[in-house]
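Data first, discussion second: the structure below is written as structure tokens.
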Amino acid sequence: MEVTGKIKLINDVQQISASFKKRELVVTTEEQYPQMIMIEFTQDKCDLLNNYNVGEPVKVSINLRGREWINPQGEAKYFNSIQGWRIEKLAAQAPAGNVPPMPAADAFEPATNFNEEEHDDLPF
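Our numbering puts the sequence shown at residues 4 to 127.
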């Protein structure tokens with residue numbers, strides 16, 4: 004699965020235990036109702052975020068993870084996480100003002116060999 008959008012936040016690496024670390028990234032999607040998606044990078048994947056900055060458009064490859072936890076009362080609780088495993092920079096989109104201009108109407112020469120009495124098989 005993939006998430007695309009602009010980087011809103013890159014947190015520092017969190018050392019959870021002696022053998023586990025994670026780093027969180029928040030990506031804002033670009034759709035009618037933008038979503039702020041928090042994605043966790045763990046272990047050696049934390050370093051993938053070193054070359055990225057807030058505001059950059061990216062595509063992040065993710066896996067959805069789910070787990071069950073039984074609380075002290077014996078009730079099952081379920082948790083989901085989004086885990087990133089690859090990130091790519093997207094090319095910035097060109098602003099709409101940079102569209103090449105249309106040629107002027109007088110840039111085309113009128114047809115000189117036009118004969119209205121010529122018949123063709125076009126329906127118009």
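For every residue, glycine included, the Cβ atom is placed at its ideal position computed from N, Cα and C.
All of these numbers come straight from a predicted model, not from anything done at the bench.
- Taking 8 Å as the upper bound for CB-CB distance, Thr7 and Leu93 are in contact here, some 7 Å apart.
- Burial check for Val63: the Cβ neighbour count within 10 Å reaches 16 or more, so the residue is buried.
- For secondary structure counted as the beta strand (DSSP E) over 3 or more consecutive residues, the region 11 to 96 holds these complete runs in sequence order: 17 to 20, 23 to 31, 39 to 45, 60 to 73 and 79 to 92.
- In this structure, the alpha-carbon of Leu52 lies about 15 Å from that of Ile40.
- Counting of Cβ neighbours within 10 angstroms places Leu67 among the exposed residues, the total staying below 16.
- Distances from the CA of Val16 to each of Glu71, Gln46, Asn56 and Trp72 were compared; the closest alpha carbon is that of Gln46.
- Sequence-distant partners of Glu71 (beyond 5 residues in either direction) whose C-beta falls short of 6 Å from its own C-beta, in its chain, are Ala79 and Tyr81.
- Put simply, of Ile10, Glu27, Gln76 and Lys24 the residue whose alpha carbon is nearest the alpha carbon of Gln38 is Ile10.
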